[in-house]
Amino acid sequence: MMNNPPKAAAAKFEQAEARLPARLLYSIAVGIICPVIKWQYNVKIKRIDMDKVNAPFILLSNHCSRLDWIYTAMAVKPCQLNAVITRYFYSNPKLKVWLDRVGAIAKDQFTPDVPAVKKIMKTVRMGGNIMLFPEGRTSPAGLSETFEYSTIKLLRHMKVPVVAVKMEGSYLSMPKWNASKRRGRVDLTVTPLFLPEEYDTLSDDEMFRRMCRVLATDEFAWESREKVAFRCRHFAKGLDGVLYQCPRCGKELVTLSDDHSIWCSSCGNGARLNNYYGFEPFGEDCVIPENIAQWFQWQVEQVREHIASDPDLELRSKLTMLHSDGKKWLTEVGSGEARLNREGFFYSGTRNGEPCEIHVPLASLPAIPYNPNESIDIYSEGEAFTFKPENGQESQRWSIYAEQLHEHYIASGRASKARGLEF
Numbered sequence: 004m005m006n007n008p009p010k011a012a013a014a015k016f017e018q019a020e021a022r023l024p025a026r027l028l029y030s031i032a033v034g035i036i037c038p039v040i041k042w043q044y045n046v047k048i049k050r051i052d053m054d055k056v057n058a059p060f061i062l063l064s065n066h067c068s069r070l071d072w073i074y075t076a077m078a079v080k081p082c083q084l085n086a087v088i089t090r091y092f093y094s095n096p097k098l099k100v101w102l103d104r105v106g107a108i109a110k111d112q113f114t115p116d117v118p119a120v121k122k123i124m125k126t127v128r129m130g131g132n133i134m135l136f137p138e139g140r141t142s143p144a145g146l147s148e149t150f151e152y153s154t155i156k157l158l159r160h161m162k163v164p165v166v167a168v169k170m171e172g173s174y175l176s177m178p179k180w181n182a183s184k185r186r187g188r189v190d191l192t193v194t195p196l197f198l199p200e201e202y203d204t205l206s207d208d209e210m211f212r213r214m215c216r217v218l219a220t221d222e223f224a225w226e227s228r229e230k231v232a233f234r235c236r237h238f239a240k241g242l243d244g245v246l247y248q249c250p251r252c253g254k255e256l257v258t259l260s261d262d263h264s265i266w267c268s269s270c271g272n273g274a275r276l277n278n279y280y281g282f283e284p285f286g287e288d289c290v291i292p293e294n295i296a297q298w299f300q301w302q303v304e305q306v307r308e309h310i311a312s313d314p315d316l317e318l319r320s321k322l323t324m325l326h327s328d329g330k331k332w333l334t335e336v337g338s339g340e341a342r343l344n345r346e347g348f349f350y351s352g353t354r355n356g357e358p359c360e361i362h363v364p365l366a367s368l369p370a371i372p373y374n375p376n377e378s379i380d381i382y383s384e385g386e387a388f389t390f391k392p393e394n395g396q397e398s399q400r401w402s403i404y405a406e407q408l409h410e411h412y413i414a415s416g417r418a419s420k421a422r423g424l425e426f
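Remember, my numbering sits 3 above the position in the sequence shown when you count from 1.
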């Protein structure tokens, strides 16, 4: 809820017509980019029983890195894909032009978006193939995020073949917290997930369980089996953006990182991150989990305990507001204070020199998208806002707290159903 009227730009985009990718542009882009990425990241592709799939189809994939869009296109060449992407990218006017030309479909993250779903349906009726990430966001720690149960509703309504692309090594090649190139290996496994004749024999829960099982991500289990060495000059830089709490002293927002290590600025606890993504503690007195995923999950458990023990818990942060006016991408338009509690997200401050209040109820906030060490994204009444806290590390902290508050008070520990793709 806002005290400012929704902008016309958002409504204008929702009225955009569905379109297939510009065939020549898509072919040239994929023909140039895919071979380069395949060589740079040592991509291996395994296709199983794909002769059973006829277009149009819907492609589902786990989501581990910024390059996943390219990996999925690579996996099903020469078929062309209409990618469902977050509306955040459409706040860049120059990028929007190219996204429109390749038939991208913008969608608000974690909120109902009827126009986006209608556009997906129309695109399939036109013969287009849809690419969708049912987790809705990249993994911060190489583990699966929450899968959207409502994806099954969409699949059942469309009744077209569904292809699964399982990525392994994608997160380790370009983690959310550092975009530097890491050469190691990326494995893509391409298989039919659902065939049209199965829709009448499988329940929604059976379909959901199969989707979660086939697309489940555990990058560190894969690395433990495959023992692939990854190489990068700035291997650990930015890791403090997702691992913000010290496992030894328990203090938050005190970790620092450099090219090869992460440590606590308060107590000195720390470790070196080796080329196999294992931690090598600085000393015997250091308390360091085995890998990034275990450290991250420990942080999540700390948040769960905090929420369960304190019903009045509230996060507060001073931050700046960024927004796109349709001409420039994410310019600073205001500043104020944000709060997060069991009632949801609140912003009180300014926007374009005028007072501004934003409230997103917790029921509409299953998660907060974010950029590590930088910002969080909030969707309200058809608009996308980016907020930069004074301490960039707070972005990961806010994201974890938002998801766990929603799980505790709204979802009660169950998978949240029918969110984000309702129709």
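Each residue gets a CB set at the ideal place from its N, CA and C atoms; glycine is no exception.
Note that this is a predicted model, so its numbers are computed, not measured.
Residues that DSSP places opposite residue i in a beta bridge
i, result
"Asp221", "Leu146"
"Gly337", "Met324"
"Lys169", "Thr192"
"Phe348", "Leu343, Val363"
"Phe282", "Leu276"
"Asn85", "Ile133"
"Gln374", "For the record, residue 374 in the displayed sequence is Asn; it is not Gln. DSSP lists Ser378 as partners of Asn374."
"Phe197", "Val165"
CA-to-CA distance, residue j to residue i, given in whole angstroms
i, j, result
"Ser68", "Lys179", "6 Å"
"Val100", "Leu191", "30 Å"
"Thr154", "Ser227", "31 Å"
"Asn272", "Tyr280", "18 Å"
"Val87", "Leu98", "15 Å"
"Arg275", "Ser264", "4 Å"
"Pro358", "Ala341", "14 Å"
"Ala239", "Val117", "40 Å"
"Ile1", "Ile36", "No answer is possible for residue 1: it lies beyond the span of the chain, which begins at 4 and ends at 426."
"Asp221", "Lys230", "14 Å"
"Thr334", "Val39", "33 Å"
"Ser398", "Asn355", "23 Å"
"Phe92", "Val336", "18 Å"
"Lys121", "Arg90", "15 Å"
"Asn132", "Arg307", "39 Å"
"Ala182", "Asp203", "43 Å"
"Arg319", "Asp313", "15 Å"
"Asp208", "Gly139", "19 Å"
"Gly385", "Leu28", "30 Å"
"Trp225", "Met170", "10 Å"
"Asp103", "Lys110", "13 Å"
"Glu232", "His160", "The sequence shown places Ala at residue 232, not Glu. Those two C-alpha atoms are separated by around 43 Å."
"Asn374", "Ser94", "15 Å"
"Ala21", "Ser142", "29 Å"
"Thr389", "Gly395", "13 Å"
"Arg417", "Ser383", "In this predicted model, Arg417 has a pLDDT of only 44, less than 50, meaning its place in the structure is not dependable enough to derive any value."
"Ser260", "Ile291", "14 Å"
"Pro81", "Arg26", "11 Å"
From the options, residue whose alpha carbon lies closest to that of residue i
i, options, result
"Leu196", "Leu158, Ser260, Arg400", "Leu158"
"Ala107", "Pro358, Met210, Pro81, Ala76", "Ala76"
"Arg128", "Gln112, Leu23, Glu151", "Leu23"
"Glu304", "Gln407, Met53, Val217", "Gln407"
"His411", "Asp380, Asn344, Ser351, Phe349", "Asn344"
"Ala370", "Glu386, Ala405, Leu146, Phe348", "Ala405"
"Asp262", "Arg234, Gly131, Gly139, Phe150", "Arg234"
"Lys49", "Thr194, Glu346, Pro250", "Thr194"
"Gly286", "Phe299, Arg307, Cys270", "Cys270"
"His362", "Tyr373, Phe349, Thr353, Pro372", "Phe349"
"Gln112", "Pro392, Lys391, Ile379, Ser415", "Ile379"
"Ile51", "Val168, Asp103, Lys41", "Val168"
"Arg188", "Gly172, Leu198, Glu201, Glu200", "Gly172"
"Asn65", "Thr149, Leu84, Tyr373, Gly339", "Thr149"
"Cys289", "Ala109, Arg251, Lys184, Gly130", "Arg251"
"Leu84", "Pro96, Asn95, Ile61", "Ile61"
Terminal residues of the alpha helix (DSSP H) in which residue i lies
i, result
"Met77", "71-78"
"Ala232", "From DSSP, Ala232 is part of no alpha helix (DSSP H); its letter is neither H nor E."
"Glu406", "397-409"
"Ile35", "26-43"
"Thr204", "It is not in any alpha helix (DSSP H) - Thr204 carries neither H nor E in the DSSP assignment."
"Tyr174", "173-176"
"Leu158", "153-161"
"Ile310", "295-312"
"Ile123", "117-128"
"Arg50", "From DSSP, Arg50 is part of no alpha helix (DSSP H) but of the beta strand (DSSP E) over 46-50."
The beta strand (DSSP E) enclosing residue i, as first and last residue numbers
i, result
"Glu360", "357-364"
"Ala387", "386-392"
"Ala109", "108-110"
"Trp266", "264-267"
"Glu138", "Glu138 -> no beta strand (DSSP E), and no H or E assigned at all."
"Leu259", "258-260"
| said: If contact is defined by three or more beta carbon pairs under 8 Å, each pair taking one atom from either stretch, is the stretch 163-176 in contact with the stretch 17-37? | reply: no
Measuring CB atoms only, is the stretch 203-218 touching the stretch 362-370, in the sense that at least three cross pairs come out at less than 8 Å?
no
Quick test of the definition: if touching needs 3 or more C-beta pairs under 8 Å, does the stretch 49-69 touch the stretch 159-170? yes
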